[in-house]
Amino acid sequence: MSTDAGTPIVRVSALTKQVRTGDIDLNILSDISFVVHPGEVVAIIGASGSGKSTLLGLLAGLDTPTSGRVVLDGHDLSQLDEDGRAELRGHMVGFVFQSFQLLPALTALENVMLPLELSGRVDAEEAARGMLSKVGLAQRLLHYPKHLSGGEQQRVALARAFVVRPKVLLADEPTGSLDAGSGAGVIDLMFELNRDFGTTLILVTHDENLARRCPRMVRLAAGRIVES
Amino acid sequence: MRATLSLALRMLLRDWRSGELRLLVAALVIAVASVTSVGFFTDRVGQALVRDAHQLLGADLVLVSDYPWPAAIADEIPRRGLEPAAAVNFISMVQATRGGEEKTQLAGVKAVTANYPLRGRLRIAPGLHAPDAPAGSGPARGTVWLDERLSSALGVRPGDRVRLGRSEFTFAAVLTLEPERSANFFNLAPRLTMHADDMAATGLVQVGSRIRYYLYAAGAREQVSAFEAWVRSRLQRGQRVDNLESGRPEVRAAIERAQRFLGLAALLAAVLAGVAIALGTRRFVERHLEGCAVMRCVGATQRRLLTLYSAEFLVLGIVGCAGGSVLGFAVQGVIAYWLVDLIRAPLPLPTALPALQGFLTGLVLLLGFALPPLLQLKNVPAIRVIRREAGTLRPPTLLAYAGGFGAFAGLLLWQAGDLRLGSTVVAGFAIAACAFVGVAWLLLRALTATRLVRGFSGRSPMLRYGLANLRRHARANAVQVASLALGLTALLLLTVTRGDLVDAWRRAAPPDAPNRFVLNIQGDQLEAVRAFFAQRRIVVPDVYPMVRGRLIAVNGRNVSDGDYAEERAKRLVEREFNLSYMAQVPQHNVISAGRWFSGGAHGEAEISVEEGIARTLGFRLGDALTYSVGGETFTARVTSLRRLRWDSMKVNFFVIAPPWVLERFPTSFICALRVAPEQEGLMNELAAQFPNLTIVDVAAAVRQAQSIIDQLIVAVQFVFLFALGAGLLVLYAALVSTEDERRREAALMRVIGASRAQVTGSQRIEFLAMGLIAGLLATAAAAAIGEVVASRAFDLDLPVSLWLWLAGPVAGMALLSFNAWISARKVLGASPARVLRDSI
Chain H
74 MSTDAGTPIV
84 RVSALTKQVR
94 TGDIDLNILS
104 DISFVVHPGE
114 VVAIIGASGS
124 GKSTLLGLLA
134 GLDTPTSGRV
144 VLDGHDLSQL
154 DEDGRAELRG
164 HMVGFVFQSF
174 QLLPALTALE
184 NVMLPLELSG
194 RVDAEEAARG
204 MLSKVGLAQR
214 LLHYPKHLSG
224 GEQQRVALAR
234 AFVVRPKVLL
244 ADEPTGSLDA
254 GSGAGVIDLM
264 FELNRDFGTT
274 LILVTHDENL
284 ARRCPRMVRL
294 AAGRIVES
Chain C
-15 MRATLSLALR
-5 MLLRDWRSGE
5 LRLLVAALVI
15 AVASVTSVGF
25 FTDRVGQALV
35 RDAHQLLGAD
45 LVLVSDYPWP
55 AAIADEIPRR
65 GLEPAAAVNF
75 ISMVQATRGG
85 EEKTQLAGVK
95 AVTANYPLRG
105 RLRIAPGLHA
115 PDAPAGSGPA
125 RGTVWLDERL
135 SSALGVRPGD
145 RVRLGRSEFT
155 FAAVLTLEPE
165 RSANFFNLAP
175 RLTMHADDMA
185 ATGLVQVGSR
195 IRYYLYAAGA
205 REQVSAFEAW
215 VRSRLQRGQR
225 VDNLESGRPE
235 VRAAIERAQR
245 FLGLAALLAA
255 VLAGVAIALG
265 TRRFVERHLE
275 GCAVMRCVGA
285 TQRRLLTLYS
295 AEFLVLGIVG
305 CAGGSVLGFA
315 VQGVIAYWLV
325 DLIRAPLPLP
335 TALPALQGFL
345 TGLVLLLGFA
355 LPPLLQLKNV
365 PAIRVIRREA
375 GTLRPPTLLA
385 YAGGFGAFAG
395 LLLWQAGDLR
405 LGSTVVAGFA
415 IAACAFVGVA
425 WLLLRALTAT
435 RLVRGFSGRS
445 PMLRYGLANL
455 RRHARANAVQ
465 VASLALGLTA
475 LLLLTVTRGD
485 LVDAWRRAAP
495 PDAPNRFVLN
505 IQGDQLEAVR
515 AFFAQRRIVV
525 PDVYPMVRGR
535 LIAVNGRNVS
545 DGDYAEERAK
555 RLVEREFNLS
565 YMAQVPQHNV
575 ISAGRWFSGG
585 AHGEAEISVE
595 EGIARTLGFR
605 LGDALTYSVG
615 GETFTARVTS
625 LRRLRWDSMK
635 VNFFVIAPPW
645 VLERFPTSFI
655 CALRVAPEQE
665 GLMNELAAQF
675 PNLTIVDVAA
685 AVRQAQSIID
695 QLIVAVQFVF
705 LFALGAGLLV
715 LYAALVSTED
725 ERRREAALMR
735 VIGASRAQVT
745 GSQRIEFLAM
755 GLIAGLLATA
765 AAAAIGEVVA
775 SRAFDLDLPV
785 SLWLWLAGPV
795 AGMALLSFNA
805 WISARKVLGA
815 SPARVLRDSI
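Chain order of the listed sequences is H and C. Under the working numbering, the first sequence has 193 at position 120, and the numbering climbs by one with no breaks. Under the working numbering, the second sequence has 816 at position 832, and the numbering climbs by one with no breaks.
Structure (structure tokens):
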């Protein structure tokens, strides 16, 4: 399915997420609807507990909503099973996490190669090397995560996210575990890569300054959109 | 498919590099090596038996009897156009004088006709260690052939003279190989071969001599079969026919028993390795949860994850099994080397079958024990990358392991080759494992009872914290303690309990116990032998009469070996008993049931039976036993059971009758005496003066048996070393399985202000308590097993071993203290911030 500026790449309609703790149903998200167009950069902002990470998980199909729909590049996630969603993620979604989520047993290069290897790409190593040098880690290919600084680890994560050329990049508090200096560097790099690859970027953060760098903001409070 | 395999291979290499798989591979290698080493070895022995089958018997058909074959049967062989040969086998003293020194040695004598063997060839050499060649016929009259052991023991070389009974012979050649070699597989006595026609002159065939008579036949197959059918219908008790198929059943049975025992020991090592694999895989899975969530996140489907990890483990399994087979092959060579004196035949190279069995065992272990935790990996939800608490690993249910346990129980039963033995081992292991877990859990709960913990709170917060930790993890800790205890049990059994058993056995024989048995004393020699001792101022020992008889009926019903299921009972019924007669109960015997002979010569015939043999053969007080002695029979009623100590080294009899019952039968006499080292020469003198006597040097026999047992122990130890290795792996796997959690907890404690000493202190308390419980459990198990082995196998009382009860708990605590120390170093080596950040 083609995506031009007129067709949204992400369409969220009437999304609700409830969890049951004890006897009480807790509304994490209530009636969330918005669309994101290809190439857009959107910040989802809100205080801790506002439901923004849950929303990100639903957008990626990592979790299922209680009601409502998420349509990703024309694919209705509710119509797909877990494996179908995983395959969709595999070729169109990239992730960056607050805690990097690098595999400790793999070198920087192998971490970046992993998604390519899983999709059966034969040029995995070459592509991964290229992407790592793009994020400035050409000299650190064979280092393990524990031998990299926090900023470097997040760069590896960025390389891993962009190496599959995703249509959508989802970032969950990408600077949350970094000091201000490294955080700013990582964000600059992320925006730069996003521009270069023309990716749609959806960024979850509680950092107003970071959110302001994004052309569009979706603000959540107590599970509802209060500004879009 | 190729891409998947290639990615799985890369994942395997990466996991290997990070050290995640070493424990699993080690466990797999140990399990497979343990099973294949025994497999390869028994395969070689089995092949040797098959290879030698054609000359195993020395003929196409062999007739064996405890008494001379009647002419009607012996003559039938040539009458039917078959070639006949004959031999006689017995044990006797052989003497030689060399350099003025008299030497005597007990030997297995075989007197053969010139055309023996009919199938296969004897091989002889002109001197010790000289090249040998096939012999054209048996030894010529007036000459004997000695094997290497016998000529070395006597210190003679070909050309020297040796004496046997009343005759003297020329030692003509060294016997290097004879048919019926399988008999030598476990043969203790060295061999002397002579011409059958020289037998009578030696005067060795006398009353009481234990002699086996052999007739051999060879010829066309149909004629042999027809003769076999004819002779089988005429067999009496004490006579049997061996053909190529049945060939030496007792040797085969002995080898099969040994194989089964080693096989079971090997499988127990494999079971322990299975536990290590299960624990190791669980840790592997725990450490891969994040990675799997990330992989799910970047597009891996459940099926893809399952395929990848299954392929990774399959390759791991194949590599581990191959490594184990190679190690097993090396170890079987060592086992064969240690048993070289026991198995006096060159062994062919093993086939590949044992390696296949090893692979099967290894893959069953891996599938059975690694798959259940591994299957959980595919269920890791992708949302775990955002919410860590999602998809926490639940321990696999027991049901998940049921397949693995089932397959493994099947393997054990198959190896045991006996449903009862196999299920005993399976049930024993399962019960022991469950008991360990149950008792460990109860002890952990008791030790950490809240009141107790609170009682400590005022004194040491670290003590309280350590004990509270124990309670919090009671279930997981119980599994760890049980695993530790299993490993420690193997360790204690091999070290302390084995030593205790050997000591108990040594102590059982008093220092003044007799060390020589003199057998075959004839009635007319009795006074002369007594005078011999009296003249040399040696205390004349008690001399006991001995009559050889065979049990033929119990309560009027004929018995045969087919009536008994137990091997020992079969053997006892098949062979001749040494019966004795005396009026008084021997001093070292105790009447355990009934009463000693009371009636005079006019009452009913009575006998007294040793209680062990009565149990084995199912005799009860009041049973009427009928014995056949030299063609005559007598019947007597069991009026008492006796308990006796076989290890007292005194003369003992299974069956004793009053003199009037047995006096009329052919009798020889036996006595036991203690000979001081400086009196050794007297024994040679005795043998020279009475050449028909058989003098058994008990000490030498015990030493020889001991050296054989030592060899066996060394061989068995190799197999047990695997069990020990597997036990240590379980121990290690159990300890590292909670390491990550401990590191996190310790880091947290450090963050909230605990000193290094406090962190190590609380961990040490937890570990010490677990080590103590594991040590106590292992000690109890080792003591119980030792007790059972001592009473059942050796008929010994094993005293409570303080050393064992000290060593077990101390070893448990020491091992875990060491672990606590290592663990503390790891915990305190990394900055708390890093540990906590890594564990987010």
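We put the CB at the ideal spot given by N, CA and C, even for glycine. Source: prediction; values computed, not measured.
task = Taking only the alpha-carbon atoms, compute the straight-line gap between Ala417/C and Val423/C and give it to the nearest angstrom.
result = Position 433 of the second sequence, counted from the start, is the residue given in the question as residue 417/C. Position 439 of the second sequence, counted from the start, is the residue given in the question as residue 423/C. Distance between the alpha carbons of Ala417/C and Val423/C is about 10 Å.
query = Is the shortest distance between the beta-carbon of Trp0/C and the beta-carbons of chain H less than 7 Å?
reply = Walking along the second sequence from the start, residue 0/C turns up at place 16. So no, Trp0/C is outside the interface.
task = Could you check what DSSP says for Thr335/C in three-state terms: helix, strand or coil?
result = In the second sequence, residue 335/C corresponds to position 351, counting from 1. Coil, per DSSP.
key: Outcome for Gln226/H when other beta-carbon atoms lying within 10 angstroms are tallied against a minimum of 16   = Walking along the first sequence from the start, residue 226/H turns up at place 153. That one is buried.
message = Considering just the uninterrupted stretch of the beta strand (DSSP E) at Gly223/H, what are its terminal residues?
response = Here residue 223/H is taken as the residue at index 150 of the first sequence, counted from 1. No beta strand (DSSP E) contains Gly223/H, which is instead part of the alpha helix (DSSP H) from 223 to 235.
inquiry  = Please identify, using Cβ separations under 9 Å, the residues of the stretch 94 to 116 of chain H that lie next to chain C, in order along the chain.
reply    = none
inquiry  = If we define contact as Cβ-Cβ less than 7 Å, is Thr285/C a contact residue for chain H?
reply    = What you label residue 285/C is simply residue 301 of the second sequence in a count that begins at 1. Interface residue, yes.
ask   = Out of curiosity, what's the CA-to-CA distance linking Glu246/H and Val166/H?
value = The count along the first sequence starts at 1 and reaches residue 246/H at position 173. The count along the first sequence starts at 1 and reaches residue 166/H at position 93. Each residue's Cα considered, the two are about 17 Å apart.
inquiry  = Please state the DSSP three-state secondary structure of Glu669/C.
reply    = Position 685 of the second sequence, counting from 1, holds the residue named residue 669/C. Correct three-state label for Glu669/C: helix.
query = Using 7 Å as the limit for Cβ to Cβ distance, is Leu732/C near chain H?
reply = Looking up residue 732/C in the second sequence gives position 748. No, Leu732/C does not count as interfacial toward chain H.
query = Which residue from Trp53/C, Phe25/C, Val146/C puts its Cα closest to that of Val215/C?
reply = Taking the first residue of the second sequence as position 1, residue 215/C is located at position 231. Minimum Cα distance to Val215/C is reached at Trp53/C.
ask   = Between Ala828/C and chain H, is there a C-beta pair that is closer than 7 Å?
value = Any question about residue 828/C goes unanswered here, given that chain C covers just -15 to 824.
inquiry  = Going by DSSP in three states, Pro101/C sits in which element: helix, strand or coil?
reply    = Within the second sequence, residue 101/C is the residue found at index 117, counting from 1. Here Pro101/C sits in coil by DSSP.
ask   = Taking 7 Å as the CB-CB limit, is Ala354/C close to chain H?
value = Residue 354/C sits at position 370 when you count from the first residue of the second sequence. So, not an interface residue.
ask   = By DSSP, does Asp487/C sit in helix, in strand, or in coil?
value = For this step, residue 487/C is matched to residue 503 along the second sequence. Residue state, collapsed to three classes: helix.
Under the three-state DSSP convention, the category Gln91/H falls into = By 1-based counting over the first sequence, the position of residue 91/H is 18. If DSSP states are grouped into helix, strand and coil, Gln91/H belongs with the strands.
query = Which parts of the stretch 203 to 288 of chain H are runs of the alpha helix (DSSP H), unbroken and 4 residues or longer, counting only runs that do not cross its ends?
reply = 223 to 235, 253 to 270, 281 to 285
ask   = Going by beta carbon distance, what residues of the same chain come within less than 6 Å of Arg297/H, once the five residues before and after it are set aside?
value = For the purposes of this step, residue 297/H is identified with residue 224 of the first sequence, where counting begins at 1. Closer than 6 Å at the Cβ level, and outside the excluded window around Arg297/H, lie Ser103.
message = So with CB distances below 9 Å, who are the chain C contacts of His164/H?
response = As a working mapping, residue 164/H is identified with position 91 in the first sequence. What His164/H touches in chain C: Gly283.
query = With a cut-off of 7 Å, does the C-beta of Arg728/C fall near any C-beta of chain H?
reply = Position 744 of the second sequence, counted from the start, is the residue given in the question as residue 728/C. With 7 Å as the cut-off, Arg728/C does not count as an interface residue toward chain H.
request  = Check distances from the C-beta atoms of the stretch 267 to 282 of chain C to those of chain H and list, in chain order, the residues that come in under 9 Å.
outcome  = Arg271, His272, Glu274, Gly275, Ala277, Val278, Met279, Arg280, Cys281, Val282
query = So what does Ala656/C bridge to, in DSSP terms?
reply = On the second sequence, position 672 is the one that residue 656/C refers to. According to DSSP, which records beta bridges pairwise, Ala656/C is partnered with Phe501/C.
Whole-angstrom C-beta distance between Leu12/C and Gly304/C, which should lie under 8 Å = Here residue 304/C refers to the residue found at position 320 when the second sequence is read from its first residue. Here residue 12/C refers to the residue found at position 28 when the second sequence is read from its first residue. Right, the Cβ-Cβ distance comes to about 3 Å (below 8 Å), so this counts as a contact.
query = Alpha carbon to alpha carbon, how far is Ile105/H from Val92/H?
reply = By one-based count along the first sequence, residue 105/H stands at place 32. By one-based count along the first sequence, residue 92/H stands at place 19. Taking the straight line from one Cα to the other gives about 16 Å.
query = Under 7 Å, do Gly578/C and Leu646/C count as touching if we go by C-beta distance?
reply = Against the second sequence, residue 578/C aligns to sequence position 594. Against the second sequence, residue 646/C aligns to sequence position 662. In this structure, Leu646/C does not lie closer than 7 Å to Gly578/C by Cβ.
ask   = What is the DSSP secondary structure of Arg267/C, reduced to helix, strand or coil?
value = As a working note, residue 267/C is residue 283 in the second sequence. Looking at Arg267/C - three-state DSSP - the assignment turns out to be helix.
ask   = The alpha helix (DSSP H) with Tyr51/C in it runs from where to where?
value = Your numbering for residue 51/C matches position 67 in the second sequence. Looking at the DSSP string, Tyr51/C is not in any alpha helix (DSSP H), and its letter there is neither H nor E.
inquiry  = DSSP has Asp131/C in a bridge; who is on the other side?
reply    = Reading the second sequence from its first residue, position 147 is the one you call residue 131/C. BP columns for Asp131/C point to Leu159/C.
ask   = Quick one: is Gln571/C buried, meaning 16 or more other Cβ sit within 10 Å of its Cβ, or exposed?
value = Locating residue 571/C in the second sequence gives position 587, counting from the first residue. Its Cβ having fewer than 16 others within 10 Å, Gln571/C is exposed.
request  = To the nearest angstrom, report how far apart Leu705/C and Ala798/C are at their CA atoms.
outcome  = Position 721 of the second sequence holds residue 705/C. Position 814 of the second sequence holds residue 798/C. So the alpha carbons of these two residues sit roughly 21 Å apart.
ask   = Can you tell me whether Ile97/H is buried or exposed, with buried defined as 16 or more other CB within 10 angstroms of its CB?
value = For the purposes of this step, residue 97/H is taken as residue 24 along the first sequence, with counting starting at 1. Label assigned to Ile97/H: exposed.
ask   = How would you list, in chain order, the residues of chain C whose beta-carbon sits under 8 Å from the beta-carbon of Leu191/H?
value = Residue numbering aside, residue 191/H sits at position 118 when the first sequence is read from its first letter. Per Cβ cutoff of 8 Å: Leu(-9), Met279, Val282, Gly283, Ala284, Arg288.
ask   = Considering only residues of the same chain and omitting the five flanking positions on each side of Arg150/C, which have a CB-CB separation below 7 Å?
value = Within the second sequence, residue 150/C is the residue found at index 166, counting from 1. Cβ neighbours of Arg150/C beyond the five flanking positions: Ala185, Thr186, Gly187, Pro675.
query = Which class does Arg520/C belong to by DSSP, given the choice of helix, strand or coil?
reply = For the purposes of this step, residue 520/C is taken as residue 536 along the second sequence, with counting starting at 1. In the structure shown, Arg520/C sits in coil (DSSP, three-state: anything other than H, G, I, E or B).
message = Relative to the C-alpha of Gly587/C, which candidate in Val613/C, Thr619/C, Ala(-13)/C, Leu563/C has its C-alpha closest?
response = Looking up residue 587/C in the second sequence gives position 603. The option with the nearest alpha carbon to Gly587/C is Thr619/C.
task = Kindly indicate if chain H contains any beta-carbon less than 7 Å away from that of Val735/C.
result = For the purposes of this step, residue 735/C is taken as residue 751 along the second sequence, with counting starting at 1. Closer than 7 Å: no.
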